[in-house]
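Be aware that the sequence shown starts at 2, since it is given in full-length UniProt numbering, and climbs by one per residue. Below is one structure, written out as structure tokens, with a few remarks after it.
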Amino acid sequence: SKPILEVKNLQVSFKMYVGEVKAVRGVSFTLNKGEVLAIVGESGCGKSVTAQTLMRLIPTPPSFIKSGSILFDGKHEITKLSEGQMEKIRGAEMGMIFQDPMTSLNPTMTVGSQITEGIIKHQGMSRKEALVRAAEILALVGMSNPEERLHQYPHELSGGMRQRVMIAIALACNPKLLIADEPTTALDVTIQAQIIDLLRQIQKKTETSIILITHDLGVVAEIAQRIIVMYAGKVVEQGSLDEIFYNPKHPYTWGLLRSVPRLDSNRHDELVPIPGTPPDLFAPPTGCAFAARCPYAMQICKEQDPEHFIVSETQSAACWLLHEDAPKVERPIEVGG
Ligand code: SF4
Ligand code: MG
């Protein structure tokens, strides 16, 4: 079947006082129908900007799409749609879940009004019909007493319940694509696990395609089928869940796997942070952007941007170590894996 989303050479920049900051520097990927794709990387790697650009939400400071293509559902070129056309797609065919439900929910509107807003607008239901549908969705996202919840305000709910309401709003019109940007980061660990479990169940029931943006590889292991690793505005590695967890090829992926706790591991004491900080995207370095932090950097890394070397049908990595003439390097021993 056709992919639900095809992103080709997407470049997004911020206009800043100092000049142009290149936040997304040529990102390409495909999302298949019914698939859960995780985009991972440290903060500032461009993953949130990529996600927001897919829905044509404008991150602050103001960004602009420099080039590239975002083909949604085989027919909508997102980069070229008018704001009016975009509004019809947003909330109806694409839903988004943000990190912090408190800032994304309207504190002055009841849960019921917020869920029915999109249904009434996009599906032309009456308010009464929409409220029935809203109660069904609240039940789907695991809220007890859904009819009563419809009349409550966000501040009357716990953090976990507010996130469930956010998910209900995003799902209200049966979107084909759900984008979740750090959906569990603001929640405590037990609630995190419940929300991930919920997203997994919903994905199974509704066959919605999901893009999950996160810095947390523990969350990724629980739900994603495929992973994209971003660094300094570029995709540095992509592969299936197993390929990225058990056969990663990029030194940055190695570093991420050693620096991030996994839900199934209690060995937080053995986590090793990646030394150094990502480069300034106002003036990105020549060559591999990870070179300054990479223990394996060679002369060529500082001179030429690595191409994407094919590892398997589903895996590729942008690292000179994969060149046939490169020295053979052993991946450091995995901790806790
Ligand atoms: Fe390290 Fe070079 Fe690979 Fe970049 S291309 S990750 S600097 S070895
Ligand atoms: Mg972010």
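The beta carbon of each residue, even a glycine, is placed where N, CA and C say it ideally should be. The structure displayed is predicted, hence computed values, not measured ones.
Cβ-heavy atom distance between residue i and ligand 1 below 7 Å?
i      : result
Phe291 : yes
Pro328 : no
His309 : no
Pro252 : yes
Met56  : no
Trp321 : yes
Cys174 : no
Cys46  : no
CA-CA distance, residue i and residue j?
i         : j      : result
Cys320    : Asn248 : 14 Å
Val13     : Ala171 : 25 Å
Ala327    : Thr287 : 19 Å
Ser241    : Leu158 : 37 Å
Lys48     : Arg57  : 14 Å
Gly337    : Leu257 : Residue placement at Gly337 is poorly supported in this model, since its pLDDT is 43, which falls under 50; the coordinates still yield a value, given next. If I take the Cα positions, the gap works out to 13 Å.
Ala225    : Pro276 : 27 Å
Gly45     : Gln204 : 28 Å
Lys3      : Glu308 : 27 Å
Thr54     : Val28  : 12 Å
Gln115    : Gly92  : 12 Å
Gly219    : Val261 : 8 Å
residue 1 : Lys9   : Nothing can be reported for residue 1, as the shown portion of the chain is limited to 2 through 338.
Ala173    : Arg165 : 12 Å
Thr117    : Glu94  : 15 Å
Gly96     : Ile212 : 10 Å
Met162    : Met144 : 7 Å
Asp281    : Val230 : 18 Å
Lys89     : Gln202 : 27 Å
Val50     : Arg150 : 33 Å
Ser210    : Cys289 : 32 Å
Ala135    : Glu7   : 31 Å
Gln305    : Gly35  : 37 Å
Arg259    : Pro279 : 17 Å
Tyr18     : Gln300 : 34 Å
Leu11     : Met87  : 18 Å
Glu244    : Ala39  : 13 Å
Gly126    : Asn175 : Contrary to the premise, residue 126 reads as Met rather than Gly in this sequence. Roughly 14 Å between the two C-alpha positions.
Pro333    : Pro285 : 27 Å
Pro63     : Glu331 : 42 Å
Considering only the alpha carbon of each residue, which of the options lies closest to residue i?
i      : options                          : result
Pro108 : Ser70, Met167 and Ser145         : Met167
Ile71  : Asp306, Ile121 and Lys81         : Lys81
Lys23  : Ser68, Asn33, Ala39 and Ser2     : Ser68
Val312 : Ser29, Val237 and Phe291         : Val237
Ile196 : His156, Ile98, Leu132 and Gly113 : Ile98
Ile79  : Thr254, Thr209 and Ala52         : Ala52
Glu223 : Thr185, Lys206 and Thr207        : Thr185
Gly160 : Val133, Lys129 and Val190        : Val190
Ile5   : Leu200, Gln193, Ala233 and Leu32 : Leu32
So residue i packs on residue j, CB below 8 Å; how close in whole Å?
i      : j      : result
His216 : Glu43  : 6 Å
Leu322 : Tyr297 : 6 Å
Ala169 : Ile121 : That belief does not hold up - the Cβ atoms of Ala169 and Ile121 are roughly 15 Å apart, past 8 Å.
Ala181 : Ile214 : 7 Å
Would you kindly report the start and end of the unbroken alpha helix (DSSP H) that includes residue i?
i           : result
Ala24       : That residue, Ala24, is in no alpha helix (DSSP H); its beta strand (DSSP E) goes Gly20 to Leu32.
Val112      : Val112 to Gln124
Phe246      : Leu242 to Tyr247
residue 344 : With the chain covering 2 to 338 only, the question about residue 344 has no answer from this structure.
residue 1   : Any question about residue 1 goes unanswered here, given that the chain covers just 2 to 338.
Leu323      : From DSSP, Leu323 is part of no alpha helix (DSSP H); its letter is neither H nor E.
What first and last residue would you give for the beta strand (DSSP E) that runs through residue i?
i      : result
Tyr232 : Arg227 to Tyr232
Ser68  : Ser64 to Phe73
Gly85  : Gly85 -> not in any beta strand (DSSP E); alpha helix (DSSP H) instead, spanning Glu84 to Ile90.
Lys9   : Leu6 to Met17
Under 7 Å from any heavy atom of ligand 3, does the C-beta of residue i make it?
i      : result
Met299 : Looking for ligand 3 in the displayed structure turns up nothing; the ligands present are ligand 1 and ligand 2.
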